[in-house]
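Here is the structure we will look at.
Number of protein chains: 2
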Amino acid sequence: MSDALSPVLRQSLPDDLAQRIKALIEADGYAPGDRLPSIAVMARRFGVGAPTLREAIKKLETLGAVVVKHGSGVYVGERPNPLFVPNSVLAGAPSKKTLVDLIEARVPIETTAVALAARHASADDLAAMQALLDRAEANLDDDDVLNATNMAFHTAIAAASGNTVLHQLSDVLARLFQDEQRVIIDIFGSRERDHAEHVGILDALRARDEALAVERMRTHLEGVRAALLQWDGDGAPDGTP
Amino acid sequence: MSDALSPVLRQSLPDDLAQRIKALIEADGYAPGDRLPSIAVMARRFGVGAPTLREAIKKLETLGAVVVKHGSGVYVGERPNPLFVPNSVLAGAPSKKTLVDLIEARVPIETTAVALAARHASADDLAAMQALLDRAEANLDDDDVLNATNMAFHTAIAAASGNTVLHQLSDVLARLFQDEQRVIIDIFGSRERDHAEHVGILDALRARDEALAVERMRTHLEGVRAALLQWDGDGAPDGTP
DNA sequence: AAAGGTAAAGTCATCAGATCACCTTGTCAA
DNA sequence: TTGACAAGGTGATCTGATGACTTTACCTTT
Chain C
1 MSDALSPVLR
11 QSLPDDLAQR
21 IKALIEADGY
31 APGDRLPSIA
41 VMARRFGVGA
51 PTLREAIKKL
61 ETLGAVVVKH
71 GSGVYVGERP
81 NPLFVPNSVL
91 AGAPSKKTLV
101 DLIEARVPIE
111 TTAVALAARH
121 ASADDLAAMQ
131 ALLDRAEANL
141 DDDDVLNATN
151 MAFHTAIAAA
161 SGNTVLHQLS
171 DVLARLFQDE
181 QRVIIDIFGS
191 RERDHAEHVG
201 ILDALRARDE
211 ALAVERMRTH
221 LEGVRAALLQ
231 WDGDGAPDGT
241 P
Chain W
242 MSDALSPVLR
252 QSLPDDLAQR
262 IKALIEADGY
272 APGDRLPSIA
282 VMARRFGVGA
292 PTLREAIKKL
302 ETLGAVVVKH
312 GSGVYVGERP
322 NPLFVPNSVL
332 AGAPSKKTLV
342 DLIEARVPIE
352 TTAVALAARH
362 ASADDLAAMQ
372 ALLDRAEANL
382 DDDDVLNATN
392 MAFHTAIAAA
402 SGNTVLHQLS
412 DVLARLFQDE
422 QRVIIDIFGS
432 RERDHAEHVG
442 ILDALRARDE
452 ALAVERMRTH
462 LEGVRAALLQ
472 WDGDGAPDGT
482 P
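See below:
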């Protein structure tokens with residue numbers, strides 16, 4: 001029935017190697033940040049040529065499993081085993097429609113996350129969020145830092161939900177949204193309002209008021225969405241139909 | 242302030258090439274399935290060595306932008322520009338906790354998608370869903386086909402929502418869940434019930450009954466979640482903390 | 001003329017060896 | 001102690017060549 005006598009399901013060598021390197025990382029207990037054996041050594045050990053091994057490493061690098069530092073070595077990535085990764089080779093800026101879709105998708109995800117966080121957030125989680133808000137408040141005039149910090153705040157909430165998938169989802173979506181967030185902030189000068197809303201969300205979390213936290217998160221995101229809709233964006237033509 | 246005189250922000254050549262190839266695809270109007278110039282030709286044209294170009298292609302392949310067929314050529318992928326891609330080098334099976342997190346994350350996403358689908362689904366969308374359900378019903382005894390078809394049904398709903406991000410999210414999450422879905426189906430023999438629930442959801446969509454569709458989708462997913470919680474899974478140790 | 005198999009050309013897969021660029025570290029001098 | 005420098009390790013990239021796989025065109029056979 002199915003393709004029986006296929007050529008032993010010949011997976012490409014680099015793909016196979018990527019699996020093996022991944023297995024090696026797990027088996028030998030390499031931790032994030034650790035340096036792996038040099039490419040030359042690994043190539044010899046696996047009995048393959050260096051260029052082939054490089055392809056395997058390129059794949060792992062694309063998936064965030066490893067980080068390659070020229071002249072230094074190959075290191076285990078911070079999150080060596082993510083469920084999914086953002087596309088790092090996106091063509092041009094996302095269209096306005098994509099941005100709206102993005103923010104609309106964040107609403108259900110982040111409201112769910114904040115609800116769980118209201119229940120599960122530890123004292124440490126809350127402290128970390130507070131630290132982020134403090135940092136944001138101290139950098140209301142530095143858009144780079146502010147933007148990164150705000151993003152980290154949203155991600156911290158998702159992390160506190162205790163749900164790995166929601167956490168990773170928030171992380172990826174926020175990252176995709178990041179660049180454009182800057183533009184929006186620039187245009188609408190919503191720095192103070194955003195910050196105030198963040199504070200409100202954290203307050204609700206501290207009070208363990210799930211419904212309030214959800215409502216404030218929803219309002220917050222809807223605000224961004226409204227700003228986005230007003231904006232006469234000149235995003236590149238949508239490359240992802 | 243920031244690192245001013247960095248070495249011109251030297252991006253690696255393969256990464257740079259990946260961008261350029263992507264740009265080439267867009268600029269020259271290559272459509273999904275089209276064959277790109279041969280590796281040798283592209284290498285010459287870009288003025289780089291073949292192994293280097295291969296690394297670039299490996300990256301694009303990992304991100305789903307292109308598909309490489311041995312002895313045939315390099316082709317543009319079906320979805321050349323996804324916002325994110327599932328990790329194709331996951332270490333071992335996901336833990337039970339990850340699976341529960343996965344299904345819990347699907348609830349807000351797919352209920353939101355089905356709500357939008359109730360409003361926006363076209364006649365064609367509904368027909369496509371019906372076709373999938375027909376195919377599922379005809380294959381209740383073939384778990385491979387059944388599973389793939391059910392997954393396609395969920396994805397079809399998300400597609401009909403009109404929201405690209407929700408669509409891609411559903412797609413990726415369903416794919417991550419797919420392998421384990423089989424185990425669950427096997428254990429709980431929920432083939433008929435699942436199918437009936439799918440039919441119910443489609444009925445609600447046809448009736449444009451948003452609330453009902455949402456409720457049925459929620460019930461459906463909660464059922465899977467409940468089954469999962471009952472299951473004494475022996476998933477591999479969680480590799481994604 | 002049609003059908004089938006075969007051979008050739010094109011393309012990806014992989015290797016080997018070498019050179020250059022970059023980072024790290026240890027040494028030596030001030 | 002401090003600073004500069006020099007050497008070794010490591011990744012980055014190129015060239016050139018060989019093998020494997022696909023596709024296609026041709027040629028033989030019926």
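In order, the protein sequence lines correspond to chains C and W.
So in the numbering used here, spot 37 of the first sequence is number 37, and the numbers just go up one at a time.
So in the numbering used here, spot 191 of the second sequence is number 432, and the numbers just go up one at a time.
Don't be surprised by glycine CBs; every beta carbon is placed ideally from N, CA and C.
Keep in mind the model is a prediction, meaning the values are calculated, not measured.
Name, please, each residue of chain W whose Cβ falls closer than 8 angstroms to the Cβ of D16(C).
Here residue 16(C) is taken as the residue at index 16 of the first sequence, counted from 1. Neighbours of D16(C) on chain W: none; closest Cβ ~10 angstroms, over 8 angstroms.
Could you check where the alpha helix (DSSP H) with G464(W) kicks off and where it finishes?
Within the second sequence, the letter at position 223 stands for residue 464(W). 451-471 is the span of the alpha helix (DSSP H), which, as asked, contains G464(W).
Buried or exposed: Q230(C), going by 16 or more other Cβ atoms within 10 Å of its Cβ?
Looking up residue 230(C) in the first sequence gives position 230. Exposed.
Using three-state DSSP, classify P86(C) as helix, strand or coil.
Taking the first residue of the first sequence as position 1, residue 86(C) is located at position 86. Looking at P86(C) - three-state DSSP - the assignment turns out to be strand.
Exposed or buried, what is V282(W) when buried is set at 16 or more other beta-carbons lying within 10 Å of its beta-carbon?
Here residue 282(W) refers to the residue found at position 41 of the second sequence. V282(W) is exposed by the Cβ-count criterion.
Taking V74(C) as the reference, which of I109(C), Y30(C), A160(C) has the closest Cα?
Taking the first sequence and counting its residues from 1, the one referred to as residue 74(C) is at position 74. Among I109(C), Y30(C), A160(C), the Cα nearest to that of V74(C) belongs to Y30(C).
At 3 residues or longer, what runs of the beta strand (DSSP E) sit wholly inside the region 40-102 of chain C?
Runs of the beta strand (DSSP E) inside the region 40-102 of chain C: 66-69, 73-76, 84-86.
If you count every other CB in all the chains shown that lies within 10 Å of the CB of H120(C), and 16 or more means buried, which is it?
On the first sequence, residue 120(C) is found 120 positions in, with the first residue counted as 1. With fewer than 16 Cβ atoms within 10 Å of its Cβ, H120(C) is classed as exposed.
Indicate whether at least one CB of chain W lies closer than 8 angstroms to the CB of N87(C).
Position 87 of the first sequence holds residue 87(C). Yes - at least one Cβ of chain W is within 8 angstroms of the one on N87(C).
For V89(C) versus K299(W), is the C-beta distance shorter than 8 angstroms?
Translated into positions along the first sequence, residue 89(C) becomes position 89. Translated into positions along the second sequence, residue 299(W) becomes position 58. No, Cβ-Cβ distance for V89(C) and K299(W) is not below 8 angstroms.
So L343(W) and L417(W) are in contact, right, with Cβ under 8 angstroms, and what is the actual spacing, rounded?
What you label residue 343(W) is simply residue 102 of the second sequence in a count that begins at 1. What you label residue 417(W) is simply residue 176 of the second sequence in a count that begins at 1. Right, the Cβ-Cβ distance comes to about 6 angstroms (below 8 angstroms), so this counts as a contact.
Are V63(C) and V165(C) touching if we call contact CB-CB under 8 angstroms?
Locating residue 63(C) in the first sequence gives position 63, counting from the first residue. Locating residue 165(C) in the first sequence gives position 165, counting from the first residue. The residue you asked about is not Val; residue 63(C) is Leu in the sequence shown. Contact: no.
Quick check on the DSSP output: the alpha helix (DSSP H) that includes P272(C) runs from which residue to which?
The shown model of chain C, from 1 to 241, leaves out residue 272(C), and the question about it has no answer.
Within this structure, are the beta carbons of A377(W) and H311(W) separated by less than 8 angstroms?
Taking the first residue of the second sequence as position 1, residue 377(W) is located at position 136. Taking the first residue of the second sequence as position 1, residue 311(W) is located at position 70. Not a contact, by the Cβ cut-off of 8 angstroms.
Look up Q409(W) in the DSSP assignment and say whether it is helix, strand or coil.
Within the second sequence, residue 409(W) is the residue found at index 168, counting from 1. If DSSP states are grouped into helix, strand and coil, Q409(W) belongs with the helices.
Is L126(C) close to chain W? Criterion is C-beta to C-beta, closer than 8 angstroms.
In the first sequence, residue 126(C) corresponds to position 126, counting from 1. Cβ-Cβ to chain W under 8 angstroms: no for L126(C).
Could you please tell me which residues of the region 334-352 of chain W, in chain order, have their CB closer than 7 angstroms to any CB of chain C?
Residues T339, D342, L343, E345, A346, P349, I350.
Suppose you measure from the CA of A379(W) to the CA of D144(C); what does that come to, to the nearest Å?
Counting from one through the second sequence, the residue named residue 379(W) turns up at place 138. Counting from one through the first sequence, the residue named residue 144(C) turns up at place 144. So the alpha carbons of these two residues sit roughly 56 angstroms apart.
Consider the Cβ of F325(W): report whether some Cβ of chain C lies at a distance smaller than 8 angstroms.
The residue labelled residue 325(W) in the question sits at position 84 within the second sequence. Yes - at least one Cβ of chain C is within 8 angstroms of the one on F325(W).
Alpha carbon to alpha carbon, how far is A400(W) from H439(W)? Give it in angstroms, no decimals.
Looking up residue 439(W) in the second sequence gives position 198. Looking up residue 400(W) in the second sequence gives position 159. C-alpha separation (whole angstroms): 16 angstroms.
Output the distance between the C-alpha atoms of L340(W) and R466(W), rounded to the nearest integer angstrom.
Translated into positions along the second sequence, residue 340(W) becomes position 99. Translated into positions along the second sequence, residue 466(W) becomes position 225. About 9 angstroms.
Distance, Cα to Cα, R449(W) vs A393(W)?
For the purposes of this step, residue 449(W) is taken as residue 208 along the second sequence, with counting starting at 1. For the purposes of this step, residue 393(W) is taken as residue 152 along the second sequence, with counting starting at 1. For R449(W) and A393(W), the distance between alpha carbons rounds to 21 angstroms.
How would you write the range of the alpha helix (DSSP H) that G200(C) sits in, first residue to last?
As a working mapping, residue 200(C) is identified with position 200 in the first sequence. Taken as a continuous stretch (DSSP letters only), the alpha helix (DSSP H) holding G200(C) covers 191-206.
Could you round the C-beta distance between A445(W) and A359(W) to whole angstroms and report it? I think they count as a contact, below 8 angstroms.
Translated into positions along the second sequence, residue 445(W) becomes position 204. Translated into positions along the second sequence, residue 359(W) becomes position 118. The Cβ separation is near 7 angstroms, so the contact holds.
How close, in whole Å, do the beta carbons of L133(C) and L202(C) come, if the pair is a contact with beta carbons under 8 angstroms?
On the first sequence, residue 133(C) is found 133 positions in, with the first residue counted as 1. On the first sequence, residue 202(C) is found 202 positions in, with the first residue counted as 1. Yes, they are in contact, since the Cβ atoms of L133(C) and L202(C) sit about 6 angstroms apart, within 8 angstroms.
What residues in the region 300-325 of chain W have a beta carbon less than 9 angstroms from any beta carbon of chain C?
The residues in question are K300, L301, E302, T303, L304, G305, A306, V309, H311, R320, P321, N322, P323, L324, F325.
Have a look at N147(C), T155(C), T111(C) and flag the residue whose alpha-carbon is nearest the alpha-carbon of D125(C).
Counted from its first residue, the first sequence places residue 125(C) at position 125. Of the listed residues, the one whose Cα sits closest to D125(C) is T155(C).
Terminal residues of the continuous alpha helix (DSSP H) containing Q130(C)?
Taking the first sequence and counting its residues from 1, one reaches residue 130(C) at position 130. First-last of the alpha helix (DSSP H) with Q130(C): 123-137.
For L228(C), does the count of other Cβ atoms within 10 angstroms reach 16, so buried, or fall short, so exposed?
Here residue 228(C) is taken as the residue at index 228 of the first sequence, counted from 1. L228(C) is buried by the Cβ-count criterion.
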